[in-house]
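One structure is given here, and the rest of the page talks about it.
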Amino acid sequence: MPLETTPFDAAEFLTSEEAQIELLKDAIEEGDPTYIAHALGVVARARGVSEFARETGLSREAIYKAFKPGGNPTLDTLTKATKALGLKLALVAA
Numbered sequence: 785m786p787l788e789t790t791p792f793d794a795a796e797f798l799t800s801e802e803a804q805i806e807l808l809k810d811a812i813e814e815g816d817p818t819y820i821a822h823a824l825g826v827v828a829r830a831r832g833v834s835e836f837a838r839e840t841g842l843s844r845e846a847i848y849k850a851f852k853p854g855g856n857p858t859l860d861t862l863t864k865a866t867k868a869l870g871l872k873l874a875l876v877a878a
């Protein structure tokens with residue numbers, strides 16, 4: 785009898801704002817643009833894409849496209865997403 789598995793979706797486990805922010809902080813610290821976009825997509829799904837779209841002023845389609853693995857969000861999209869999360873982008877010396 786074959787083992788039945790289901791796809792893992794981190795969004796199902798990021799139920800607190802603190803956990804979501806930790807994921808985003810990790811992505812930013814890694815510095816990988818693909819990971820950052822993916823992490824924002826996971827957080828958007830965890831919060832509900834429709835609600836996240838309303839908060840950002842972006843369409844659901846734009847969110848899915850920009851924040852999918854391999855997505856390439858614009859600076860405007862990143863700024864809107866982080867603002868909706870109660871965060872801001874900032875530059876600090878490395």
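For the sequence shown, the working numbering gives the first residue as 785, with consecutive numbering after it. Note that beta-carbon positions come from the ideal geometry of N, C-alpha and C, so glycine has one too.
Please state whether DSSP places residue i in a helix, a strand or coil.
i, result
"residue 801", "helix"
"residue 872", "coil"
"residue 843", "coil"
"residue 787", "coil"
"residue 836", "helix"
Taking the continuous alpha helix (DSSP H) assigned at residue i, which residues delimit it?
i, result
"residue 827", "817–831"
"residue 864", "859–868"
"residue 794", "No alpha helix (DSSP H) contains residue 794, which DSSP labels as neither H nor E."
Keeping to the same chain, check which residues put their C-beta closer than 7 Å to that of residue i; ignore five residues upstream and five downstream.
i, result
"residue 812", "820"
"residue 868", "836, 839, 840"
Measuring alpha carbon to alpha carbon, tell me which of the options ends up nearest residue i.
i, options, result
"residue 859", "848, 817, 809", "817"
"residue 852", "833, 870, 804", "833"
"residue 866", "842, 788, 786, 790", "842"
"residue 801", "871, 878, 862", "871"
Can you name, in chain order, every residue of its own chain whose Cβ lies under 6 Å from the Cβ of residue i, other than the five neighbours on each side?
i, result
"residue 845", "none"
Open item on the list: Taking contact to mean 3 or more Cβ pairs, one atom from each stretch, closer than 8 Å, check whether the segment 824–836 and the segment 785–796 are in contact.
Closed with: yes
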